[in-house]
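All remarks here apply to the structure that follows.
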Amino acid sequence: MSCILHIETSTSVCSVAVSEDGQVIFEQQNLEGPNHARVLAPFVDEALSFAESHAIPLDAVAVSSGPGSYTGLRIGVSTAKGVAYGRGVPMIAVPTLKLITVPTLLFRDDLPDDALLVPMIDARRMEVYAAVYDRALNAVREVQADIVDADTYRPWLDERPVYFLGDGMEKCKAVIDHPNAHFIDGALPLAKYMAPLAERAHAKGEFVDTAYFEPFYLKEYQATTPKKRF
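Each residue of the sequence shown is one higher than the one before, starting from 516 at the first, in this note's numbering.
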């Protein structure tokens, strides 16, 4: 049996969940963010208290590893490290873009066998962080930053059905008009959807080095310098 605490802070949504043997038994989420610095610690305390009150010992901590918001990822990973050290349990990194695909894979029964999934996170202007996966979550193309236009994903669209999802999907919807393009609304990276990915990693012993783990930012943080006022 395995009990895993899940922490997701890669976007403006903050969420926490607890799973036992892959089944979610506790969840909390805040959709009014970004409020990570305010709500994450109480969510985690509530989750740990829930597990303790049900005499369920914690076996691991899973954290959404990016790409995503620099600040959000830092808060999530630092919190996960604190719990992992404090409880003496290993840490699991769950790629955020794979996480975004989970509800589609779990709850849609109309995906063709040859479908491709393109989860994406909104970046600046017409840019998104995206990857291309098959239905087994094998990477057809690894994560990278894309400038979205009508031809960005044409090599795959010309061959088979492609499903775009995530908060960067609206940018594609605005410029891509192709018969093989499908757009899935409301696909959020939530902690409760980390359970199947984290459970699989736990079973395989796929843990990260808690001390040295860093989120996958994709791009380095760039601080802006305020303009001088005259």
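Virtual Cβ for every residue (Gly too), placed ideally from N, Cα, C. Keep in mind the model is a prediction, meaning the values are calculated, not measured.
Cβ neighbour criterion (16 or more within 10 Å) applied to residue i
i, result
"L555", "buried"
"H717", "buried"
"K707", "buried"
"M635", "buried"
"G581", "buried"
"A738", "The predicted position of A738 is uncertain, since its pLDDT is 40 and thus under 50; a value taken from the coordinates is nonetheless stated next. Exposed, because fewer than 16 other Cβ atoms sit within 10 Å of the Cβ of A738."
"K719", "exposed"
"S564", "exposed"
"E714", "buried"
"A702", "buried"
"T616", "buried"
"E547", "exposed"
"E542", "buried"
"M684", "buried"
"D628", "exposed"
"M516", "exposed"
"V690", "exposed"
"A552", "exposed"
"A577", "buried"
"Y727", "exposed"
"E729", "exposed"
"D682", "buried"
"V528", "buried"
Cβ-Cβ distance between residue i and residue j below 9 Å
i, j, result
"V677", "A630", "yes"
"C518", "A599", "no"
"L588", "A660", "no"
"V531", "V559", "yes"
"I607", "F722", "yes"
"P605", "T725", "yes"
"P704", "T611", "yes"
"F731", "V647", "no"
"K686", "M641", "yes"
"G583", "T526", "yes"
"D692", "A665", "yes"
Supposed contact pair residue j and residue i - C-beta distance, whole angstroms, cut 8 Å
i, j, result
"L621", "S579", "Not really, about 17 Å apart at Cβ, beyond 8 Å."
"L680", "T619", "6 Å"
"V633", "L712", "Actually they do not touch by this definition, with Cβ atoms about 18 Å apart."
"L501", "R602", "The structure shown has nothing for residue 501, since the chain only spans 516 to 745."
Residue-chain proximity (residue i, chain C), Cβ-Cβ < 9 Å
i, result
"V528", "No chain C is present in this structure, which holds just one protein chain."
Let me know the beta strand (DSSP E) ranges lying completely inside the segment 518–552, each 3 residues or longer, listed in chain order.
-> 518–523, 529–535 and 538–545
Mind listing, in chain order, the continuous beta strand (DSSP E) runs of no fewer than 3 residues lying wholly within the segment 600–642?
-> 606–609 and 631–637
Touch test, the segment 589–598 against the segment 534–542, Cβ-Cβ under 8 Å, three pairs minimum = no
Go through the segment 681–728 residue by residue and report every complete run of the beta strand (DSSP E) that reaches 3 residues or more, in order.
-> 696–699
Inter-stretch contact at 8 Å, needing at least 3 Cβ pairs: the segment 648–659 / the segment 689–696 | no
Can you list, in chain order, the stretches of the beta strand (DSSP E) that have 3 or more residues and sit fully within the segment 563–589?
-> 575–579
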